[in-house]
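In what follows, a structure is listed as structure tokens, so that the remarks can point back to it.
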Amino acid sequence: MARVVNEFEISQERIKQEQTKRPDIKHHAKVESKQNSFVKQVQAMTNTFEEMGNPFLEECDDLLVLGTRDIADPKFANTIRNIEHIGKNQYYEYIRDRLDNRTKPLSDPIKQN
712 MARVVNEFEI SQERIKQEQT KRPDIKHHAK VESKQNSFVK QVQAMTNTFE
762 EMGNPFLEEC DDLLVLGTRD IADPKFANTI RNIEHIGKNQ YYEYIRDRLD
812 NRTKPLSDPI KQN
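Residue 712 is where the sequence shown starts when you use this note's numbering, and the numbers rise one by one after that.
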């Protein structure tokens, strides 16, 4: 029994030594190059706000592209404004057709928006 305990303790010491030898592994977003890239992107967005004004204070109903101030297609803008309602309708339709009424099999593909 003492031999088994001794072998276990020795193996644990080896594991601890190996863990201390490993390089420090950071999350990919904490690497210096990613941090520098993020800072540049924040500065670019801040510069855009300063040059063109705050897009959140716009009074018009049009959907604007932040970088260029181009007006988005009204059909697309309408979809964005109603996306939650559209998604809920699709969910309820899925439940109704596949689970409640069983008019479509569960394996039928869901149409892409």
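For each residue, glycine too, the CB sits at the ideal point set by N, CA and C.
Rounded separation between residue i and residue j - CA only
i, j, result
"residue 807", "residue 780", "42 Å"
"residue 749", "residue 765", "20 Å"
"residue 819", "residue 741", "42 Å"
"residue 767", "residue 760", "10 Å"
"residue 753", "residue 747", "10 Å"
"residue 729", "residue 719", "15 Å"
"residue 727", "residue 712", "23 Å"
"residue 796", "residue 725", "58 Å"
"residue 815", "residue 799", "19 Å"
"residue 810", "residue 787", "31 Å"
"residue 715", "residue 737", "36 Å"
"residue 824", "residue 723", "55 Å"
"residue 812", "residue 805", "10 Å"
"residue 771", "residue 744", "39 Å"
Residue i, DSSP secondary structure in three states
i, result
"residue 818", "coil"
"residue 807", "helix"
"residue 813", "coil"
"residue 723", "helix"
"residue 823", "coil"
Pick from the options that is closest to residue i, judged by C-alpha positions
i, options, result
"residue 783", "813, 790 and 775", "775"
"residue 791", "721, 810 and 773", "773"
Minimum Cβ-Cβ distance from residue i to chain D less than 8 Å
i, result
"residue 717", "No chain D appears in the structure shown, which is made up of a single protein chain."
Where in the stretch 731 to 799 do unbroken runs of the beta strand (DSSP E), each at least 3 residues long, occur, reported from the N-terminal end onward? none
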